[in-house]
Every structure is written in C-alpha cells, then in structure tokens.
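Residue numbers (our numbering), protein chains in the order written: chain A, 533 to 847; chain B, 201 to 517. Virtual Cβ for every residue (Gly too), placed ideally from N, Cα, C.
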Amino acid sequence: MTAPVLQVEGLTLVAGDAALVEEVSFAIAPGEMLALVGESGCGKSVTALAIMRLLAPAIRRVHGRITLDGSDLAALDDEAMRRLRGDRMGMIFQEPMTSLNPVFTVGEQIAEVLRIHRGLSRRAALGRVAELLDLVGLPTPAAQLGRYPHQLSGGQRQRVMIAIALACEPALLVADEPTTALAVTVQAQILALIDRLRRQLDMACLLITHDLGVVAAFCDRAAVMYAGRIVESGPAAEVFANPRHRYTDALVRTMPARNPPGEVLPAIAGQVPPPGSRGEGCSFAPRCPAVLAECARLPALSGRPHGVACWNPVR
Amino acid sequence: MTPLLEVRGLTQHYRTEGGGTLRALEDVSFTLAEGEVLGIVGESGCGKSTLGRAVLRLTQPTAGEVWFEGQDILQLPRAAMRRRRRDMQIVFQDPFGALNPRHRVRTLVGEPLTIHGMPGVAARVAELLDLVGLPAESGGRYIHEFSGGQRQRIAIARALALSPKLLVADEPVSALDVSIQSQIINLIAGLKRRMGLAMLFISHDLSVVRHVSARIAVMYFGRIVEIADAASLFDHPAHPYAQALLSAVPQPPGVAPRIRILLEGELPDPTNPPPGCAFHGRCAQAMAVCAQARPALVPRRVGAGVRDTACHLYEVA
Numbered sequence: 533m534t535a536p537v538l539q540v541e542g543l544t545l546v547a548g549d550a551a552l553v554e555e556v557s558f559a560i561a562p563g564e565m566l567a568l569v570g571e572s573g574c575g576k577s578v579t580a581l582a583i584m585r586l587l588a589p590a591i592r593r594v595h596g597r598i599t600l601d602g603s604d605l606a607a608l609d610d611e612a613m614r615r616l617r618g619d620r621m622g623m624i625f626q627e628p629m630t631s632l633n634p635v636f637t638v639g640e641q642i643a644e645v646l647r648i649h650r651g652l653s654r655r656a657a658l659g660r661v662a663e664l665l666d667l668v669g670l671p672t673p674a675a676q677l678g679r680y681p682h683q684l685s686g687g688q689r690q691r692v693m694i695a696i697a698l699a700c701e702p703a704l705l706v707a708d709e710p711t712t713a714l715a716v717t718v719q720a721q722i723l724a725l726i727d728r729l730r731r732q733l734d735m736a737c738l739l740i741t742h743d744l745g746v747v748a749a750f751c752d753r754a755a756v757m758y759a760g761r762i763v764e765s766g767p768a769a770e771v772f773a774n775p776r777h778r779y780t781d782a783l784v785r786t787m788p789a790r791n792p793p794g795e796v797l798p799a800i801a802g803q804v805p806p807p808g809s810r811g812e813g814c815s816f817a818p819r820c821p822a823v824l825a826e827c828a829r830l831p832a833l834s835g836r837p838h839g840v841a842c843w844n845p846v847r
Numbered sequence: 201m202t203p204l205l206e207v208r209g210l211t212q213h214y215r216t217e218g219g220g221t222l223r224a225l226e227d228v229s230f231t232l233a234e235g236e237v238l239g240i241v242g243e244s245g246c247g248k249s250t251l252g253r254a255v256l257r258l259t260q261p262t263a264g265e266v267w268f269e270g271q272d273i274l275q276l277p278r279a280a281m282r283r284r285r286r287d288m289q290i291v292f293q294d295p296f297g298a299l300n301p302r303h304r305v306r307t308l309v310g311e312p313l314t315i316h317g318m319p320g321v322a323a324r325v326a327e328l329l330d331l332v333g334l335p336a337e338s339g340g341r342y343i344h345e346f347s348g349g350q351r352q353r354i355a356i357a358r359a360l361a362l363s364p365k366l367l368v369a370d371e372p373v374s375a376l377d378v379s380i381q382s383q384i385i386n387l388i389a390g391l392k393r394r395m396g397l398a399m400l401f402i403s404h405d406l407s408v409v410r411h412v413s414a415r416i417a418v419m420y421f422g423r424i425v426e427i428a429d430a431a432s433l434f435d436h437p438a439h440p441y442a443q444a445l446l447s448a449v450p451q452p453p454g455v456a457p458r459i460r461i462l463l464e465g466e467l468p469d470p471t472n473p474p475p476g477c478a479f480h481g482r483c484a485q486a487m488a489v490c491a492q493a494r495p496a497l498v499p500r501r502v503g504a505g506v507r508d509t510a511c512h513l514y515e516v517a
C-alpha cells in the first residue's frame with residue numbers, strides 16, 4: 533500500500549475539562565477521499581482544525597499525533613506550519629465569502645498564495661492564476677481576474693476558494709462542509725469538481741460533512757463520528773449499505789428518502805450528549821435500541837476494512 | 201368545493217438601491233384544499249420564502265390576490281386582517297431567531313392567545329406543550345436552555361396556539377441534525393393528521409418535501425415551473441429544471457442514484473431577467489422559441505398524461 537499522505541493517531545482534544553474528540557485515528561492515501569461524517573457537535577470540524585493547527589486557544593490537544601507526508605505537525609514551529617498551510621495542505625470552508633478578502637480582486641488573492649509560497653513575480657503568478665481559474669471551471673478566466681468577491685455568486689466564490697487551495701498543488705485538501713451554503717444544483721457542480729481534481733492531481737482529500745448522500749456519492753471511505761469518537765469506518769458504500777454500528781444504522785433508517793412517503797419515520801429518540809457529560813461507556817447507549825449490560829464499558833473500534841465500535845453490532 | 205386558499209397572480213417586486221426592480225415573485229397561482237400539504241421546492245433565491253410570506257401578507261405584495269376561505273386577504277383592512285391571522289401561522293427555519301430569549305416558554309407559547317384575548321391561557325399552554333412532546337415544566341424555562349429540536353417544538357406549539365387552519369412551514373427542519381429532523385417531521389405530520397391543518401411546506405430538501413407533501417410545486421426564478429402530485433413529479437418530472445433539480449440531490453445510501461444532470465451556470469440576475477423562459481440559458485433542451493416567448497404554466501401533454509408545467513417542449517393540452 534502507498535504511504536498515507538495524512539495520518540491521525542489517537543487524537544484527543546479537550547476544552548477545559550470536557551473532551552471534544554477522543555482517540556480519533558484515520559489515514560488518507562494519495563488520490564483518496566475520506567469523509568468524516570456526523571451531526572453537529574460530534575467533533576468532525578474541530579478534528580479538521582487540529583489537522584490544520586488552527587484550533588482556538590481554549591482547545592488543547594492532550595494526546596495523539598498528526599503526520600503529513602510522514603512528518604509530525606506538532607514538531608513544526610509556527611513559521612514552518614504557516615509555510616505548510618496553503619502549500620502542502622489546502623483548505624476550503626463552508627462560507628467562501630468570509631474566507632475571501634472583499635477589498636482585493638480574485639486574481640490578486642490567488643496570486644498572493646503563489647507569491648508567498650512559490651516566490652513568483654506578480655506577472656508570473658497572474659499567468660498561473662488564469663490556469664487555475666480554468667482548472668476550477670470558471671468561464672473566461674482572464675475576465676475573472678479583476679473581479680471582486682461580491683461580484684461573484686456563491687458557487688463562483690467557492691470555485692475561487694478551491695483555486696486558492698489548489699494553487700500550490702497540495703498533497704492534502706481539507707474541505708469542511710464545502711457545499712452546505714450552496715444551492716442544490718451548484719452543490720452538485722462543486723462536489724463533482726472536487727472529485728475530478730483529487731483524481732487528476734492525486735491529492736488526498738478529507739471531506740467534513742453531515743450529508744450521508746454526499747458521502748455515498750463521492751467518497752471512497754467514511755468515518756462516522758458520534759459524540760467525539762469514530763464509531764464506525766470503512767468503504768463508504770459498504771458502511772452505508774450494511775451499517776454495523778447501531779447509530780449509523782439508525783441514521784440511515786431515519787432518512788425520509790429511505791421511507792415510504794407519509795409514514796412515521798423511525799426517529800432516534802433523545803439527543804446527542806454534550807461534551808463533558810458523555811459518561812464512561814458507549815455514548816450512544818442512552819439512545820440505542822439494542823443496548824446490553826456491556827455498553828456501560830467503552831467498546832473499541834475493531835475490524836478491517838469495515839470497523840465498528842459496538843458491543844452489539846448489527847449482524 | 202371552494203379551496204381553503206386560492207392564490208392568483210401573486211407578484212412581489214422590490215426596489216433595489218440602484219433604482220432597479222428585483223422580481224422576487226412573478227405571477228404565482230395555485231390552490232390549497234383544507235388539510236392538504238403543498239410542498240414548495242427550489243433553490244436559494246427562487247422565491248419560495250417570499251411566496252410563504254406574501255401568502256400570509258407579511259409583505260405587501262405588488263400584485264395578485266390571496267383568497268382565504270372566500271376572502272381576498274390582501275384587500276382586508278388592518279383590524280380584520282389581524283383577526284384573520286389567527287387562522288394562518290408560520291414556522292421558520294431558525295426558532296432561536298423567532299423566539300424572544302427574555303421570555304419564559306409559557307409566555308412565548310401563550311402570547312398569541314393573550315394578544316387575541318383568549319381565556320384559559322395557562323391550561324391551553326400546558327395542552328400545547330404536551331401536544332408537541334415537551335414536559336410540562338418546560339413552561340418555566342428560557343429558550344437558551346433548549347436544544348435546536350426542542351426550540352422548534354416550542355415554535356410549533358406557539359404557531360398552533362390559536363388552532364390555525366393554514367400553517368406555512370419555511371424550512372422548518374433545515375437547521376436540525378438528521379436524527380432530530382425525523383423527530384420534527386414526525387411531529388408535523390402527526391399534527392397535520394390530528395388537526396386537519398393545511399400546510400405550505402417550503403424546503404430545499406427534496407426528500408423531506410416528498411415525505412410530507414401530497415402535491416409539490418417546483419419554483420425557479422420567482423415562478424412555479426411545474427406543479428403535480430408528489431409521486432408523479434418525483435417519478436417523472438417534466439420540466440427540464442425539475443429534472444435537473446431532482447437529479448442533483450445525492451441519494452442517500454441504499455437508494456438507487458439518479459442519473460445526474462449537471463447544470464451549467466447559475467441562476468440569472470433577478471434584477472435583469474432574461475427574455476423568454478428564465479431557464480433557457482442553462483437548459484440542454486432549449487429551442488429557439490425558449491429565448492423569445494415565456495411558456496405559461498398550463499396543463500400540457502406530457503407522455504400519455506397531462507401535467508401543469510411551464511415548458512415549450514410540451515404541447516398545451
């Protein structure tokens with residue numbers, strides 16, 4: 533097997549006394565797209581921020597190791613980390629408008645990445661920028677260079693963000709809910725674009741999403757998070773076609789499209805426990821339809837390639 | 201039979217800063233029977249939320265008529281309109297933005313009753329909390345103490361306080377997580393069955409709309425482009441935009457994926473609408489006529505049947 537681009541091992545993040553993320557491990561190979569999927573508060577976004585070393589000061593990494601191309605990111609000083617972001621590691625977030633600077637043109641913002649990381653001159657950078665805009669499917673690239681973010685639609689802005697993220701041909705792209713703020717038909721365009729580019733550039737891709745449909749359609753592998761832990765992981769198609777964890781199973785069953793119109797949906801009772809009140813055992817136990825006495829102890833994630841952390845998995 | 205709601209030619213324009221006209225809603229007509237759920241789908245900016253607000257006269261529509269139980273409510277004087285509002289309520293996407301954080305839940309839920317001078321507020325509030333599945337002691341608490349799903353339950357209890365006949369639900373589950381979403385969908389569907397509520401269910405999430413609606417209207421660029429019973433629309437969308445929209449939604453695991461029709465480009469500029477069919481610039485099946493004449497939403501021959509769709513591909517029936 534090819535060496536993974538990104539490897540996360542035993543990542544544990546805390547805020548105050550509350551654990552946000554516990555013992556999270558996964559790896560992504562070149563050209564592979566892994567989805568970290570789960571509901572709000574499950575720890576998927578904070579995991580992405582830890583990878584980029586962009587955690588808020590109140591959040592501490594108390595355990596675990598993150599390596600990119602084999603080098604430990606914790607060992608880098610701030611300056612080295614800054615050089616790495618935007619170069620070996622590209623990032624896209626949910627709301628492109630807040631990530632783009634409103635007073636600079638699209639061309640200047642993409643060129644900036646190349647000038648900082650590649651030391652290109654303004655002129656040389658602009659030539660490459662037109663190529664990048666073409667790569668991300670913006671029509672008439674030369675005409676786009678002088679436009680400001682407010683002159684673009686949401687979908688076009690997200691394409692610009694992707695162009696910025698890919699400017700230095702990163703080994704890893706981290707995309708945190710990249711299409712959640714976009715209209716449905718534009719969502720499909722952007723996901724298809726990311727999918728094409730990761731294959732074309734042989735780039736490892738970490739997709740953070742709450743949308744199981746997106747995972748099933750675009751990702752190679754999926755890791756399902758619940759209350760700060762990965763509870764199930766494996767090939768995306770397999771995980772959702774034959775879910776083994778009771779949470780994944782319930783999640784798939786409750787989706788409206790999986791049920792006859794008008795019928796009562798098999799809802800998951802209760803709510804996700806907030807950080808700090810997750811108890812000792814399996815966090816899903818209080819909502820689980822198949823709970824056993826063992827569930828008071830924490831189940832380990834086991835099995836390959838399809839792993840599950842459950843004492844009483846779906847057979 | 202007279203429908204509960206009949207909307208005719210409803211149009212909502214706004215002035216833009218530059219002195220232009222933003223056409224948020226153009227000539228929208230439909231009917232809604234008592235106890236019926238009509239789903240309204242479309243992408244951001246298509247006018248679906250504007251429609252929900254205009255129907256309740258929360259905005260002042262530019263043109264058109266909204267007949268509710270045989271009265272054009274757009275013509276009602278203020279006081280009469282206020283009385284009419286008892287029968288028509290709305291639930292929004294973000295319950296936190298719709299509920300005053302300084303009031304206790306019992307005040308929030310009872311407020312419509314107080315405003316309309318109804319007796320027995322305390323007893324009715326207890327009944328409503330129970331109806332939406334909240335424990336009785338919730339009444340003494342504040343909104344920040346509740347999760348998103350519980351807040352939406354509170355907003356629904358408040359909307360139902362006056363036993364309305366029509367509920368506009370504007371993206372009521374879009375801000376909620378999947379596991380909570382189904383709880384609220386079940387609640388809304390159950391209430392509809394028990395109370396015979398008619399609903400306009402507005403959402404960008406097609407599978408949610410399909411689940412709760414008997415009929416569905418697809419909107420594009422301020423207009424309804426197709427309206428049909430939910431099953432026919434999902435099985436055989438006729439309008440090329442409806443086809444593309446349905447195909448764009450990633451199907452959940454275990455549901456056979458549709459052949460994806462990737463649309464080129466994006467929505468046109470609503471201050472400068474294109475001539476003809478607003479969709480022609482993105483439509484793979486566009487003909488010369490599509491750039492010139494706007495197709496009317498009328499019954500047309502689609503396959504062996506007849507469908508209300510606004511597309512020149514189909515002959516007027």
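- Roughly how many angstroms separate the alpha carbons of Leu276 of chain B and Ala773 of chain A, rounded to a whole number? 55 Å
- Query: Going by beta carbon distance, what residues of the same chain come within less than 7 Å of Ile273 of chain B, once the five residues before and after it are set aside?
  - Reply: Arg257, Val266, Met281, Arg284
- Counting along the chain, where does the alpha helix (DSSP H) carrying Tyr779 of chain A start and finish? 778-786
- Item | Three-state secondary structure assigned by DSSP to Pro301 of chain B | coil
- If you draw a straight line from the C-alpha of Thr202 of chain B to the C-alpha of Arg253 of chain B, how long is it? 22 Å
- Nearest to Ile560 of chain A by CA position, among A:Ala582, A:Ala535, A:Gly575, A:Val569, is which residue? A:Ala535
- Task: Use the C-beta contact count for Pro831 of chain A: other C-beta atoms within 10 angstroms, 16 or more gives buried, fewer gives exposed.
- Result: buried
- Is the distance from the Cβ of Glu243 of chain B to the Cβ of Val716 of chain A below 7 Å? yes
- Task: Give the interface partners of Arg500 of chain B over in chain A, defined as CB-CB distance under 9 Å, in chain order.
- Result: By Cβ distance, chain A contributes nothing, its closest Cβ being about 23 Å from Arg500 of chain B, past 9 Å.
- Task: Determine the extent of the beta strand (DSSP E) in which Ile800 of chain A is found, giving its start and end residues.
- Result: From DSSP, Ile800 of chain A is part of no beta strand (DSSP E); its letter is neither H nor E.
- Return the residue from the list A:Gly811, A:Cys751, A:Gly835 that minimises the CA-CA distance to Arg728 of chain A. A:Cys751
- Between which two residues does the beta strand (DSSP E) containing Tyr214 of chain B stretch? 205-215
- Cβ-based neighbour list, Gly465 of chain B, same chain, cut-off 7 Å, excluding 5 preceding and 5 following: Gly481, Arg482
- Item | Straight-line Cα distance separating Leu652 of chain A from Leu677 of chain A | 17 Å
- Query: Hey, does Ala588 of chain A have any beta-carbon neighbour from chain E nearer than 7 Å?
  - Reply: Any reference to chain E falls outside this structure, whose protein chains are A and B.
- Message: If contact is defined by three or more beta carbon pairs under 8 Å, each pair taking one atom from either stretch, is the segment 780-790 of chain A in contact with the segment 761-772 of chain A?
- Response: yes
- The alpha helix (DSSP H) with Asp435 of chain B in it runs from where to where? 430-435
- Give the straight-line distance between the Cα atoms of Asp429 of chain B and Glu371 of chain B, rounded to the nearest whole angstrom. 20 Å
- Item | Within chain B, the residues that Glu571 of chain A reaches when beta carbons sit closer than 7 Å | Asp377, Val378, Ser379
- Measuring alpha carbon to alpha carbon, tell me which of B:Asp508, B:Glu515, B:Ala517, B:Tyr514 ends up nearest Thr231 of chain B. B:Asp508
- Message: List, in chain order, every chain B residue whose beta-carbon is nearer than 8 Å to that of Val823 of chain A.
- Response: Chain B residues near Val823 of chain A: none, gap ~16 Å exceeds 8 Å.
- In the DSSP assignment, what are the bridge partners of Phe558 of chain A? A:Val540
- Which residues in chain B sit within 7 Å of Gln626 of chain A, going by Cβ to Cβ distance? Result: empty, since nearest Cβ-Cβ is about 14 Å, beyond 7 Å.
- Message: Can you tell me whether Gln415 of chain B is buried or exposed? The criterion is at least 16 other CB atoms within 10 Å of its CB, across all chains shown.
- Response: In the sequence under discussion, the amino acid at residue 415 of chain B is Arg, which differs from the Gln named in the question. So Arg415 of chain B ends up on the buried side.
- Task: Pull out every residue of the segment 413-431 of chain B whose Cβ sits closer than 7 Å to any Cβ of chain A, in chain order.
- Result: Ala430
- Where does Met735 of chain A sit, in a helix, a strand or coil, going by DSSP? coil
- For Ala491 of chain B, which of B:Arg500, B:Leu513, B:Thr471, B:Val506 has the nearest alpha-carbon? B:Leu513
- Item | CB contact flag (Gly247 of chain B, Gly390 of chain B, <7 Å) | no
- Task: Since I believe Ala754 of chain A is in contact with Ser765 of chain A (beta carbons under 8 Å), could you give me their beta-carbon distance rounded to a whole number of angstroms?
- Result: 7 Å
- Nearest chain B C-beta to Arg753 of chain A closer than 7 Å, yes or no? no
- Task: Report the residues of the segment 593-622 of chain A with a CB closer than 9 Å to any CB of chain B, ordered along the chain.
- Result: none
- Unbroken stretches of the beta strand (DSSP E), 3 residues or longer, contained in the segment 233-288 of chain B: 237-241, 263-268
- Message: Using a 10 Å radius around the Cβ and a threshold of 16 neighbouring Cβ atoms, would you call Asp377 of chain B buried or exposed?
- Response: buried
- Per DSSP, the bridge partner or partners of Ile427 of chain B: B:Ala417, B:Asp508
- Who are the near neighbours of Asp287 of chain B in its chain, counting only those whose CB is closer than 6 Å to its CB and skipping five residues on each side? Pro364, Lys365
- Message: As a quick exercise: from A:Leu744, A:Pro681, A:Arg617, pick the residue whose alpha carbon is nearest that of Thr630 of chain A.
- Response: A:Pro681
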